[in-house]
Each structure stands twice: as C-alpha cells, then as structure tokens.
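Just so you know, we're using our numbering here: the sequence shown kicks off at 502 and counts up by one.
We put the beta carbon where it would ideally sit given N, CA and C, even for glycine.
All remarks here apply to the structure that follows.
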Amino acid sequence: MAALRDHVLWSNPDLRRSFLGNLTSNLGSAISGLAFPLLVLSLGGSAVQAGLVATVSLVTRLGFRLPAGALVDRWNRRVVMMATDLVRCATLASIPLAALWSTPQYWQLLLVAVVEGLASALFGPANSVLTRDVVSEEQLSQALGADQAMLNTVSLAGPALGGVLFAVDRMLPFAVDAVSYAASALLILRITVRPAAAPGAAEPTEPAERGATAGLRWLAAHRELLVVLFYAAVVNLVAAAVDVVVILELRERGASGTVIGAVIACIGAGGIVGALFAPWLVRRLSIPAMVLAIGVIWTAELAVFTVAFQPVLVGALLAVMMLLSPAAGVAVFQALLGKTPRHLVGRVSAATSLLLNGLAALGPVAAGAAYQAIGGTRTWLVLALLTGAATLGGWLALTATRARAVADSAVLAHAEGDRP
C-alpha cells in the first residue's frame, strides 16, 4: 500500500488529471476505432473503403504533425488540449446526430476522420510537453510506465466494449467516444501547469534548433534512436494492417461484432501483462535484443495465421505478440524525453510520431486492398516476410551503430590519454 501511495499518479495531482483525461479519451477512441470499419461494411462499403477511413485520419495527423509540434512548443498546452478535445467531441457526435435524420454517408465518415486527425495532431505533442512540465526527471520512468499500462488497458477494454456497443446499436460507439472527449476536456481544465519557461522564451538562436523541422534534425543526430524508430515504423505498419485483416477475415468467417471485439481486445491483454514486467525487462534487455525478440515472435506468429485462423487461437497469439512492446516503448521514450532539450520536446515528439506512424498510415488501406486482391492467407504471408526483413535489417543496423560508438569512444579515450 505504501508503494501505491508513493506512486507518481497519487503524489502528482496534475499528472493524475492528465492521465485520467488520456485514459478516458483513448478508451473512447478504441471503442469507435473498432466501430468505424464495421459501420462502413454495414453500409455496404468495400474492404478498401473500410481501411481508408483509418488511413485518412492517420495521413491527416502526419501531414500536420511537424507544424503542430512547433506550435505547441509556444502555445499554452492545457488550452490546446482542451480545445482539441472539444473539437473531437463535436466531430464524433456528428455521426449519431446525422443518423437521427438519415443514414450516415461515407463522405461524412471521411470528413470526421480528417477533422479528428487534425485535432489529434495538436493534442499528441501538447500532451508530451505537458508531461515534461508536470513530471520531474526522477518521476519520468514511473509516468511512462503508467502510460504504457493505460494504453494497453485501453487496447483490452476498448475493442471489447466497441463490439458490444456496436451489437446493441451501431451509433452507440460514436456517441460514447464523443462523451469521452468531453470528459477529458473537463479533467484537463482542472490541470494547473507548471511551465518550464514562458512560451517562446527558450527559443534558441542556432539554426539547427529553429523551425518546425528542428525535431527531425535532432533525431538525425542520434543514430541509434533513429534506427529504432525506423524499425518501429515498419512494425507499426504491420500492426495497423493486422488489425484490419483480423477484422475482415473474422467478419468473412461469420464472426459477430462481439467476437471480433474480444479477439482484438487480446492485444491489450498481452500489453497489460507485458507492462507488468516492463521495468524488469528494460533493466535486463538491450534495445537490439528487444528488436530481435519482438521481430522473431511477430514473424513466427504471422506465419501461423497463414495455416490456422480460429478466433481463440488468433486472440492468444495476438496477446503473445504484445508482451515485449511495453518494455520497448518505455525504453525508447524514456531515452527520448530524457535526452531531448526542454524547448524541443514538442517538435521532437512530433517528429517521433511522424516517423513511427508515417508507414502505419498506409497499413489499413493497404491491408484492405491486399485482402481484396490476394486473400487472407497470402496477405498474412506478406506481413510475415515484411516483419522478418525489417527485424534482420534493424538488428544489423543497431549492432553496427553500437560497435561504431564503442570504437569512437576508444579512439577518443586513446587520444586523450596521449595528451601531455
């Protein structure tokens, strides 16, 4: 009990309010995230159209991510987060409101995806800067660990709730998501931010640290982090495709929305178990070892999907696939937030998100197109081969980068030892 009382979420009221706001809005997003492709299919849309809604949202976020990062480094983060939550609330509410008069149209769903994507592009970097504003360096690891546990809990509960709510009424998931954004805005309203400096006060005069692309330039100077982010980008592409292909194949096999939601929720179950062991794993596994382990597990299990696809088996394998992801996330983001200069946090966060989600934006629509063109078995084979190739390349690049860093350190130490 003493350890629980000492946890950063209990001792830091501002972080607790931010955490609860993120929990609420992310849960709503996970609920509607499952419902979007199901709604498109129920309206007579194709597999490509079902995947395109998610892709449009992701592409919009990516297109606005870098300027959004530069803006939130200067603006009041609390105001940005409240405003974007209210915009997303109104946008999601438009779907059930439209259903009161007629059937929602596909173009409306695409428009909702665009507006929601723009608002989320601002919210993400603002949330990262807010975390640095309200959390001390000593509390950062605990805060990131709690965030990983929260995201995986949402991944567990969200799809399951989304499937149940969609089975009750196909508009219900979107209404719940709208309410979740309103609740998040109210929680953020109560945050009293402890800013590190007045907006714009810490803006440097060096050209390399100015402008919207400063975050990308900072990452380019940190080679090991950059390699990890490129590898994670491919994994995220595969993960985005897996979500869509699982939904499409289970739907084709006659599974209900409730069953599909339960299977997708297994991703969150695996993540929760992984989050419990994340601190232990971070202390014992290097980042190259995590890359290799994640890649081997994912490649093997995606290959299994080519020959067996029963709901119980799929759910179990999806859970196992997620066991190491929380530890990898904590290790990478702790390194990022710990090393990033405070005045660049928003832009580095935006650049990181751009790299992580750039390829992932293609995942849903590419998965839908592949499933429609070559079927589920061959799509799973393509995803397995892609993951295996990325794992081998990422592990070799990280090993070479670390060897180069050790050699450079040895040369530097030798040079300093030769000085008179």
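Worksheet item: Does the separation of the CB atoms of Trp799 and Val739 fall below 8 Å?
Response: Taking a C-beta distance under 8 Å as the contact criterion, Trp799 and Val739 qualify as a contact pair.
Worksheet item: Run through DSSP, which three-state label would Trp602 get?
Response: It is coil, neither helix nor strand.
Worksheet item: Is DSSP giving Phe675 helix, strand or coil here?
Response: For Phe675, the three-state secondary structure derived from DSSP is helix.
Fill in: Same chain, Cβ closer than 8 Å to Gly701, five either side skipped, listed in chain order
Because the pLDDT at Gly701 is just 47, under 50, the model does not fix this residue reliably, and the point stays unresolved.
Worksheet entry | Selected residue, minimal CA-CA separation from Leu540, among Ala684, Pro674, Arg691 and Ile768 | Ranking the options by Cα distance to Leu540, first place goes to Pro674.
Practice prompt. Can you give me the Cβ contacts of Ala536 inside the same chain, cut-off strictly under 6 Å, excluding the 5 residues immediately before and after it?
Written response: Short of 6 Å from the beta carbon of Ala536, and not among the five residues preceding or following it, lie these beta carbons of its own chain, in chain order: Gly663, Phe667 and Pro674.
Practice prompt. Kindly provide the ranges of any alpha helix (DSSP H) runs that are 4 or more residues long and lie completely inside the stretch 837–876, ordered along the chain.
Written response: Here the runs fully enclosed are 846–859.
Worksheet entry | Residue interval of the alpha helix (DSSP H) (run including Val745) | Unbroken alpha helix (DSSP H) run through Val745: Arg724 to Glu753.
Worksheet entry | Supposed close pair Thr820, Cys767 - CB separation, criterion 8 Å | Looking at the sequence shown, residue 820 is not Thr but Ala. Right, the Cβ-Cβ distance comes to about 4 Å (below 8 Å), so this counts as a contact.
Worksheet entry | Three-way DSSP call (helix, strand, coil) for Arg784 in this model | Helix at Arg784.
Discussion item. Residues in the same chain with beta-carbon distance under 7 Å from Ala548, minus the five sequence neighbours each way, listed in chain order, please.
Written reply: Contacts found: Leu749, Gly869, Tyr872 and Gln873.
Worksheet item: Taking contact to mean at least 3 C-beta pairs separated by less than 8 Å, is the stretch 889–897 in contact with the stretch 768–778?
Response: No, the stretch 889–897 does not touch the stretch 768–778.
Worksheet item: Between the Cα of Thr841 and the Cα atoms of Leu726, Gly659 and Arg691, which residue gives the shortest distance?
Response: Answer by Cα proximity: Leu726.
Worksheet entry | Enclosing alpha helix (DSSP H) for Gly454 [first to last residue] | The chain is shown from 502 up to 921; residue 454 falls before or after that span and cannot be answered.
Item to complete: Look at the alpha carbon of Ala687 and the alpha carbon of Leu786, and state the distance between them as a whole number of angstroms.
Response: A small correction: the amino acid at residue 687 is Leu; Ala does not occupy that position in the sequence shown. Using only the alpha carbons, I get a separation of about 40 Å.
Item to complete: Could you tell me if Thr693 is buried or exposed, where buried requires 16 or more neighbouring beta carbons within 10 angstroms of its beta carbon?
Response: With fewer than 16 neighbouring CB atoms inside 10 Å of its own CB, Thr693 falls in the exposed class.
Worksheet item: Taking DSSP as the reference, what is the three-state secondary structure of Gln811?
Response: Shown here, Gln811 sits in coil according to DSSP, grouped into three states, outside any helix or strand.
Item to complete: Measure the C-alpha to C-alpha separation of Arg518 and Leu553 and round it to an integer number of angstroms.
Response: Cα to Cα, the separation comes out at about 34 Å.
Item to complete: Locate the alpha helix (DSSP H) running through Ala622, then write down its first and last residues.
Response: Residues Tyr607 to Val635.
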